Amino acid sequence: MDLDPRRLLLLQAKSETESLSQAARRLGHTPSAVSQQLAKLEREAGIALVDRAPGRLELTAAGQILPEPGSGSGPASPTPNTNCRS
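Here numbering that gives the first Met the number 0 is used: the first residue of the sequence shown is 0, the next is one more, and so on.
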């Protein structure tokens, strides 16, 4: 499984905050951009990483256990202001 470490950083930020908006602000992105990148990460992983419902977005069990960026499982993690576009 070849996952983009920048997208893993987004997933990590979501796990450390209470909302997608907070995670987006923390990384300097819009909530929409973060949501789109999380959807791309799910396609890369081939599994649901977040549960989406109106007004909330929670990590699934799979989303909670993915390795953190820079943990030795892939390239070093990018800085928080890394461009979110792909």
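By construction, the Cβ of each residue, glycine as well, lies at the ideal position given by its N, Cα and C atoms. Just so you know, these numbers come straight off a predicted model, no measurement behind them.
{"Asked": "Could you check what DSSP says for L58 in three-state terms: helix, strand or coil?", "Found": "strand"}
{"Asked": "In three-state terms, what does DSSP make of A52?", "Found": "strand"}
{"Asked": "Go through its chain and collect everything with a Cβ distance to L56's Cβ below 6 Å, but skip five positions before and after it.", "Found": "L19, V49"}
{"Asked": "Between the beta-carbon of T59 and the beta-carbon of A44, is there less than 7 Å?", "Found": "no"}
{"Asked": "Would you identify the three-state DSSP class for L10, choosing helix, strand or coil?", "Found": "helix"}
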